[in-house]
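Inspection log for the structure reproduced underneath, given as structure tokens.
In UniProt numbering, the protein residues as written are 1 to 312.
Following this line, the structure appears as structure tokens:
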């Protein structure tokens with residue numbers, strides 16, 4: 001569950017057009033890929049693989065795939081950084097998010113982790129004020145508060161549910177929110193290819209010592225295939241997201257993130273026999289409605305600002 005916001009500005013020229021069916025399919029495929037990533041990771045960590053090793057495999061595969069897709073042996077812009085400090089910080093935050101999430105997945109249901117993680121857009125909206133100068137108005141703050149209530153319903157502080165795995169999941173949301181803010185800050189200056197590449201290579205290098213110390217040799221072809229698929233699901237999801245964002249505006253693609261809750265619930269039941277309880281479902285509904293309201297509100301505000309600029 002380490003997906004990025006689309007690494008390009010919203011397609012204002014297509015904002016009023018219907019979303020192409022191909023873009024819908026790509027968006028659904030994006031978040032199905034991320035759900036498969038988490039499902040595979042949960043399976044691997046529950047059968048005994050160290051979370052840090054699983055994360056390293058995910059980023060090593062990501063790096064290899066990005067080098068192939070972006071033809072790293074030919075394109076010098078893949079390695080160019082205009083703001084190396086923020087690029088590196090962003091590259092550290094993504095593996096941190098993934099590690100926290102995989103640690104949470106050892107003990108939590110897939111539906112629980114994704115529900116908590118879906119509060120990320122609300123946290124991004126809250127942080128965009130102090131970090132980007134994009135201050136939320138009272139309506140969006142009200143939606144953020146409502147979404148936070150949904151998170152409290154899921155984690156239930158003071159109950160037996162609120163344990164270390166929940167804290168890992170909350171930590172994943174926090175690091176992801178800062179990562180998303182940095183993505184929005186860098187997208188105007190850095191190339192898409194470099195952002196995808198460095199988000200993989202930095203995690204691969206940083207986690208290598210710990211990963212090799214915790215390495216477990218795969219037992220059979222199934223485990224080899226699952227370890228290899230981590231990078232495919234992660235980097236492949238990113239690339240599908242970018243492609244969808246080129247065919248439709250970001251405001252149309254963004255709500256599809258909530259389809260990940262459906263994929264995770266389905267895979268959790270099929271693979272692990274898990275079904276979310278009533279508290280998780282209630283919190284999920286509240287979080288999704290709050291997030292959708294914030295997305296719609298931001299879209300309307302952006303549209304009014306464009307119309308006002310055009311009048312001037």
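We treat Cβ as the ideally placed atom computed from N, Cα and C, and that holds for glycine.
Our contact map puts residue i next to residue j with C-beta atoms below 8 Å; I'd like the distance itself, whole angstroms only.
i           : j           : result
residue 287 : residue 150 : 4 Å
residue 264 : residue 114 : 4 Å
residue 154 : residue 112 : 7 Å
residue 230 : residue 40  : 6 Å
Among the options, which one has its Cα closest to the Cα of residue i?
i           : options               : result
residue 147 : 291, 306, 114 and 188 : 291
residue 118 : 176, 193 and 242      : 176
residue 66  : 305, 237, 272 and 247 : 237
residue 210 : 244, 95, 234 and 29   : 95
residue 76  : 193, 304 and 230      : 193
residue 216 : 57, 136 and 27        : 57
residue 38  : 261, 283, 140 and 300 : 261
residue 121 : 307, 254, 271 and 285 : 254
residue 195 : 274, 43 and 63        : 63
residue 213 : 281, 165 and 49       : 49
residue 61  : 104, 247, 116 and 198 : 198
residue 270 : 21, 43, 241 and 156   : 43
residue 86  : 183, 229, 296 and 171 : 183
residue 19  : 284, 155 and 256      : 256
residue 203 : 35, 92 and 180        : 92
residue 259 : 35, 179, 157 and 22   : 35
residue 116 : 298, 279 and 302      : 279
residue 79  : 221, 228, 190 and 239 : 190
residue 318 : 126, 302 and 136      : Residue 318 falls outside the range modelled here, since the chain spans only 1 to 312, and no answer is possible.
residue 297 : 136, 230 and 26       : 136
residue 205 : 165, 228 and 59       : 59
Buried or exposed: residue i, going by 16 or more other Cβ atoms within 10 Å of its Cβ?
i           : result
residue 267 : buried
residue 82  : exposed
residue 304 : exposed
residue 276 : buried
residue 168 : buried
residue 12  : A caution first: residue 12 carries a pLDDT of 44, below 50, which makes its placement in the model unreliable, though a value can still be read off. So residue 12 counts as exposed.
residue 300 : exposed
residue 163 : exposed
residue 306 : exposed
residue 46  : exposed
residue 90  : buried
residue 5   : In this prediction, residue 5 has a pLDDT of 42, which is less than 50 and means its spatial position is unreliable; nothing more can be read from the coordinates.
residue 140 : buried
residue 219 : exposed
residue 225 : exposed
In terms of residue numbering, what span does the alpha helix (DSSP H) encompassing residue i cover?
i           : result
residue 122 : 120-132
residue 315 : In the structure displayed, the chain extends from 1 to 312; residue 315 sits before or after that span and is not available.
residue 47  : Looking at the DSSP string, residue 47 is not in any alpha helix (DSSP H), and its letter there is neither H nor E.
residue 82  : Element bounds for residue 82: n/a, residue is neither H nor E.
residue 195 : 192-213
residue 176 : 164-186
residue 244 : 221-247
residue 139 : 138-155
residue 113 : 110-117
residue 265 : 259-272
Is the CB of residue i under 8 Å away from at least one CB in chain D?
i          : result
residue 97 : No chain D is part of this structure, which consists of one protein chain only.
query: Touch check for the segment 52-70 and the segment 129-139: three-plus C-beta pairs under 8 Å?
result: Verdict: no, contact absent.
- request: Could you tell me whether the segment 21-35 touches the segment 60-74, using the rule of 3 or more Cβ pairs below 8 Å?
  value: They do not touch, by the three-pair rule.
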